[in-house]
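Numbering (mature numbering (1 follows the signal peptide of the UniProt record, and there is no 0)) for the sequence shown: -24 to -1, 1 to 92.
Where is the CB? At the ideal position from N, CA and C, for every residue including glycine.
Below is one structure, written out as structure tokens; the observations come after it.
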Amino acid sequence: MKKKIGMLWATALALVAGMGTANAQVKVPENITALMNKYTCSACHRVDARLVGPAYTDVAKKKYTNDKIVELIYKPVPEHWPGYPPMAPMTQVPKEDALTLAKYINSLAPKDAAKK
């Protein structure tokens, strides 16, 4: 009986610990997630972790303007990101959607780093 209670406690603690981790993840607005999926951004990028390309939080730290991020979506500059494979130009992304993504990326910057 004590063994079963111990197992239940261990399971409960594991569940609570897992919930804490899930709550710590960055919440991405639904419209941004939809754009990231539509244009396959999420195949290479994550909000706060390196995947194939840099994390959006790392892009935000570069202090690019929104317009510069849009420009880089269309004409990536691999030299800006040594150690990463070159990004393909994403010319199929309409400017309005690219600007929406750029604004979101810059919203992830530390408060004093983002430029409008």
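Should residue i be labelled buried (16 or more other beta-carbon atoms within 10 Å of its own) or exposed?
{"i": "Asn42", "result": "buried"}
{"i": "Pro61", "result": "exposed"}
{"i": "Gly59", "result": "exposed"}
{"i": "Ala74", "result": "buried"}
{"i": "Tyr50", "result": "exposed"}
{"i": "Leu11", "result": "buried"}
{"i": "Ala36", "result": "buried"}
Going by C-alpha distance, which of the options is nearest residue i?
{"i": "Glu72", "options": "Pro52, Pro30, Asn7, Asp34", "result": "Asn7"}
{"i": "Asn82", "options": "Tyr15, Gly29, Lys39, His21", "result": "Lys39"}
{"i": "Thr67", "options": "Lys3, Thr9, Thr16", "result": "Thr16"}
{"i": "Thr9", "options": "Leu77, Lys87, Pro86", "result": "Leu77"}
{"i": "Lys79", "options": "Ser18, Lys44, Asn13", "result": "Lys44"}
{"i": "Pro65", "options": "Arg26, Leu48, His56, Cys20", "result": "Leu48"}
{"i": "Pro70", "options": "Pro5, Pro52, Val46", "result": "Val46"}
Using C-beta distances below 6 Å, list every residue in its chain close to residue i, excluding the 5 sequence neighbours before and after it, in chain order.
{"i": "Asp34", "result": "none"}
{"i": "Ser18", "result": "Met12"}
{"i": "Leu84", "result": "Tyr32, Thr33, Ala36"}
{"i": "Pro86", "result": "none"}
If you drop the 5 nearest sequence neighbours on each side, which residues of the same chain put their C-beta closer than 8 Å to that of residue i?
{"i": "Arg22", "result": "Ala31, Tyr32"}
{"i": "His56", "result": "Lys38, Leu48"}
Excluding the 5 residues flanking residue i on each side, which residues of the same chain have their C-beta closer than 7 Å to its C-beta?
{"i": "Val2", "result": "Val23, Asp24"}
{"i": "Leu28", "result": "Looking at the sequence itself, residue 28 is Val, so the reference to Leu does not match. These residues qualify, in order along the chain: Cys20, Pro61."}
{"i": "Val4", "result": "Val23"}
(request) Give, in chain order, every unbroken run of the alpha helix (DSSP H) that is at least 4 residues long and sits entirely within the region 25 to 82. (result) Fully enclosed alpha helix (DSSP H) runs of 4 or longer: 32 to 36, 42 to 50.
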